[in-house]
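Protein chains in written order, with my numbering: chain A, 311 to 558; chain B, 14 to 229.
Beta carbons are placed, not taken as given, at the ideal position from N, Cα and C, and that holds for glycine.
Nothing here was measured: the structure is a model prediction, and the numbers come from that model.
This report concerns only the one structure given below.
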Amino acid sequence: MRVIARLDVKNEFVIKGIHLEGLRKIGDPNELALQYYLQGADEIIFMDAVASLYDRNNLFSIIRKACEDILIPITIGGGLRTMEDVKTALLAGADKIAINTAAVKRPAFISEVAEKYGSQCVVASIEAKKIGNHWEAYIDNGREKTGLEVLDWAIKLQALGAGEILLTSVDQEGTRQGFDISLIKSINEAVSIPVIACGGAGTDLHFKQLIQETCPSAIALASVLHYNLMPISIIKEKLLAMKLQVRV
Amino acid sequence: MRPNKKTIAILDYGLGNLRSISNAFKKLGVDVLVTSNPTEVMASNGLIFPGVGAFGAACNELIKLNLFSLLKEYINSRKPVLGICLGMQLLFTDSEENGYHIGLDVIKGSVKKLAVTFPPYKLPHIGWNRINVYSDNRKKFDESIIKHLEQEHQYFIHSYYVQCDESEHVLATCDYGDNSFVCAVKKNNVVGVQFHPEKSGEAGLKVLKEFVEYIE
Numbered sequence: 311m312r313v314i315a316r317l318d319v320k321n322e323f324v325i326k327g328i329h330l331e332g333l334r335k336i337g338d339p340n341e342l343a344l345q346y347y348l349q350g351a352d353e354i355i356f357m358d359a360v361a362s363l364y365d366r367n368n369l370f371s372i373i374r375k376a377c378e379d380i381l382i383p384i385t386i387g388g389g390l391r392t393m394e395d396v397k398t399a400l401l402a403g404a405d406k407i408a409i410n411t412a413a414v415k416r417p418a419f420i421s422e423v424a425e426k427y428g429s430q431c432v433v434a435s436i437e438a439k440k441i442g443n444h445w446e447a448y449i450d451n452g453r454e455k456t457g458l459e460v461l462d463w464a465i466k467l468q469a470l471g472a473g474e475i476l477l478t479s480v481d482q483e484g485t486r487q488g489f490d491i492s493l494i495k496s497i498n499e500a501v502s503i504p505v506i507a508c509g510g511a512g513t514d515l516h517f518k519q520l521i522q523e524t525c526p527s528a529i530a531l532a533s534v535l536h537y538n539l540m541p542i543s544i545i546k547e548k549l550l551a552m553k554l555q556v557r558v
Numbered sequence: 014m015r016p017n018k019k020t021i022a023i024l025d026y027g028l029g030n031l032r033s034i035s036n037a038f039k040k041l042g043v044d045v046l047v048t049s050n051p052t053e054v055m056a057s058n059g060l061i062f063p064g065v066g067a068f069g070a071a072c073n074e075l076i077k078l079n080l081f082s083l084l085k086e087y088i089n090s091r092k093p094v095l096g097i098c099l100g101m102q103l104l105f106t107d108s109e110e111n112g113y114h115i116g117l118d119v120i121k122g123s124v125k126k127l128a129v130t131f132p133p134y135k136l137p138h139i140g141w142n143r144i145n146v147y148s149d150n151r152k153k154f155d156e157s158i159i160k161h162l163e164q165e166h167q168y169f170i171h172s173y174y175v176q177c178d179e180s181e182h183v184l185a186t187c188d189y190g191d192n193s194f195v196c197a198v199k200k201n202n203v204v205g206v207q208f209h210p211e212k213s214g215e216a217g218l219k220v221l222k223e224f225v226e227y228i229e
């Protein structure tokens with residue numbers, strides 16, 4: 311299992327909210343990314359928290375600097391909507407592109423990026439909110455509903471050529487109250503591409519509860535790291551003790 | 014770039030994250046030339062052959078840029094070459110990725126899709142896995158640029174692997190699901206690795222350092 315540090319960025323600051331809202335400043339993206347790399351993170355995800363809302367992307371210069379020091383895979387997401395955006399992101403040094411809003415608006419975009427750069431480059435990002443007994447996909451950082459059923463959408467994204475799914479539970483995100491395990495389990499079992507579970511991790515008990523039910527390929531962490539709840543080395547020790555294969 | 018120094022070229026054929034490879038060399042204090050210019054490629058003293066994406070598309074790009082036969086010529090000149098990920102796969106005879114495609118045929122063998130059982134195993138195979146020395150060729154491994162990687166974790170991202178026809182070229186294997194696949198090969202001046210040393214932390218960086226030292 312990969313342990314991924316997720317940094318949501320707004321106006322050159324890493325920010326953190328609850329349910330993707332009420333954003334609070336955490337620190338400098340490059341400093342934090344380097345810190346998590348040195349702690350043993352397996353990957354870094356940079357998400358522009360406001361890009362798709364305002365139709366811009368300011369992450370490129372951050373990525374350019376980050377990949378000079380950080381020798382692990384870097385994913386960039388938030389507001390990427392054209393092949394030109396993708397090219398700029400890859401030239402800046404990103405290895406993978408996370409796409410949510412642009413895929414909902416035009417699903418063929420996923421296929422176009424996958425055909426040009428390979429599926430391994432395409433991380434389909436899903437923001438899931440629980441509605442009754444199912445989940446609906448949201449865009450623009452959990453602000454706008456799409457009417458898409460998350461399970462169907464995940465299967466569609468795989469068919470379109472996505473290489474991975476970053477699955478964020480908007481309900482659990484930032485709460486440190488644990489993962490939305492039934493959400494992760496249903497998607498992880500439905501698609502044959504790797505799933506990155508995101509949202510809600512607070513204690514090692516949460517990892518244990520998740521792994522007892524389903525084993526996603528990766529977990530993306532934000533609050534746990536930003537608020538120093540548990541260093542990555544300890545998280546990996548806990549995962550190792552649960553017989554998971556992790557890089558140490 | 015200092016003229017008296019040996020030059021390392023990174024082959025640019027429009028695919029993949031070349032910045033991360035050149036950044037890794039930058040971290041080592043080594044200048045590299047990212048190029049698709051045949052004259053510059055041929056003048057270099059060592060070549061990094063990267064690549065991500067699909068085998069067929071990569072071949073087409075190489076042919077379009079007149080680099081396909083040039084690569085063969087370069088390899089025949091006995092200068093050091095390091096193929097990374099798809100760059101390693103392209104060294105082989107052929108591939109079954111989305112149809113049938115002919116590779117550079119520098120090493121005999123075929124590129125095949127990983128056969129994994131889902132659940133629980135997923136494709137693409139994305140993750141950090143240990144490198145296992147291919148024990149028949151232990152000496153060759155110990156003398157190679159990946160000699161320090163025994164039992165180290167390296168970053169993999171791929172759905173296809175190389176089935177090497179001549180086991181004498183195999184340096185290391187990796188386990189994923191029910192598969193033990195070849196993840197590093199060496200034939201004369203050419204080394205190929207399925208993992209991404211440029212994305213595999215300090216242990217991966219050392220592979221590139223060894224490559225530089227091998228040239229100098």
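Residues of chain B with CB closer than 7 Å to the CB of A:D352, please, in chain order.
Per Cβ cutoff of 7 Å: W141.
Which chain B residues are close to A:G473, counting only those with a beta carbon under 7 Å from its beta carbon?
Residues of chain B passing the Cβ test: P137.
Between the Cα of B:F68 and those of B:C98, B:N79, B:S49, spot the shortest distance and give me the residue it belongs to.
Here the closest residue by C-alpha is B:C98.
Neighbouring residues, chain A, relative to B:F131 (Cβ below 8 Å):
The answer, in chain order, is S502.
Can you give the Cα-Cα distance for B:L136 and A:H536, rounded to whole angstroms?
A straight line joining the alpha-carbon of B:L136 with that of A:H536 spans about 31 Å.
Hey, A:F370 and A:T398 are a contact pair by Cβ (cut 8 Å); roughly how many whole angstroms apart?
About 6 Å separates the two Cβ atoms, so the contact holds.
Write down every uninterrupted run of the beta strand (DSSP E) in the segment 313-342 of chain A whose length is 3 residues or greater and which is fully enclosed by it, in chain order.
Listed in chain order, they are 323-328, 331-337.
In whole angstroms, give me the CA-to-CA distance for A:K440 and A:I494.
Near 12 Å, if we compare the C-alpha coordinates of A:I494 and A:K440.
Residues that B:P170 contacts on chain A, provided the C-beta gap is smaller than 7 Å:
Rather than Pro, the amino acid found at residue 170 of chain B in this sequence is Ile. Those within 7 Å of B:I170 in chain A are Q430.
Residues bridged to A:A530 (per DSSP):
Answer is A:I314, A:C508.
Pull up the DSSP beta-bridge partners for A:I544, would you.
Answer is none; A:I544 lacks a bridge partner.
In terms of residues, what are the limits of the alpha helix (DSSP H) holding A:I407?
First-last for A:I407: 406-409, but that is the beta strand (DSSP E), not the alpha helix (DSSP H).
Note down, in chain order, all residues in the segment 366-388 of chain A with a beta-carbon under 7 Å from any beta-carbon belonging to chain B.
Those would be C377, E378, L381, I382, P383, in chain order.
Taking any Cβ of chain A, which residues in the segment 30-41 of chain B have a Cβ under 9 Å from it, in chain order?
If the cut-off is 9 Å between Cβ atoms, the segment 30-41 of chain B has N30, L31, R32, S33, N36, A37, K39, K40 near chain A.
Using a Cβ-Cβ cutoff of 7 Å, what residues of the segment 524-536 of chain A are near chain B? List them in chain order.
Along the segment 524-536 of chain A, going in chain order, the ones with a CB nearer than 7 Å to a CB of chain B are C525, S527.
Could you give the C-beta distance for A:Y427 and B:V65, rounded to a whole number, given that I count them as a contact under 8 Å?
Yes, they are in contact, since the Cβ atoms of A:Y427 and B:V65 sit about 7 Å apart, within 8 Å.
Same chain, Cβ closer than 7 Å to A:E454, five either side skipped, listed in chain order
Listed in chain order, the non-local C-beta contacts of A:E454 below 7 Å within the same chain comprise Y448, local neighbours out to five positions each way being set aside.
For the beta strand (DSSP E) that B:L127 lies in, which residues bound it at each end?
It is not in any beta strand (DSSP E) - B:L127 carries neither H nor E in the DSSP assignment.
For B:P16, count neighbouring C-beta atoms within 10 Å of its own C-beta (all shown protein chains included) and say buried if the count is 16 or more, exposed if not.
Interpretation of B:P16 is limited by its pLDDT of 46, a score under 50 that renders its predicted location unreliable; no figure is taken from the coordinates.
Going by beta-carbon coordinates alone, are B:G100 and B:P63 separated by less than 8 Å?
Contact: yes.
Just to confirm, are B:P51 and B:L31 a CB contact at a threshold of 8 Å?
The answer is no: Cβ separation not under 8 Å.
Around the Cβ of B:S90, are there at least 16 other Cβ atoms within 10 angstroms (buried) or fewer (exposed)?
When all chains shown are included, B:S90 counts as exposed.
Indicate the three-state DSSP secondary structure (helix, strand or coil) for B:R143 in the structure shown.
In the structure shown, the three-state DSSP call for B:R143 is strand.
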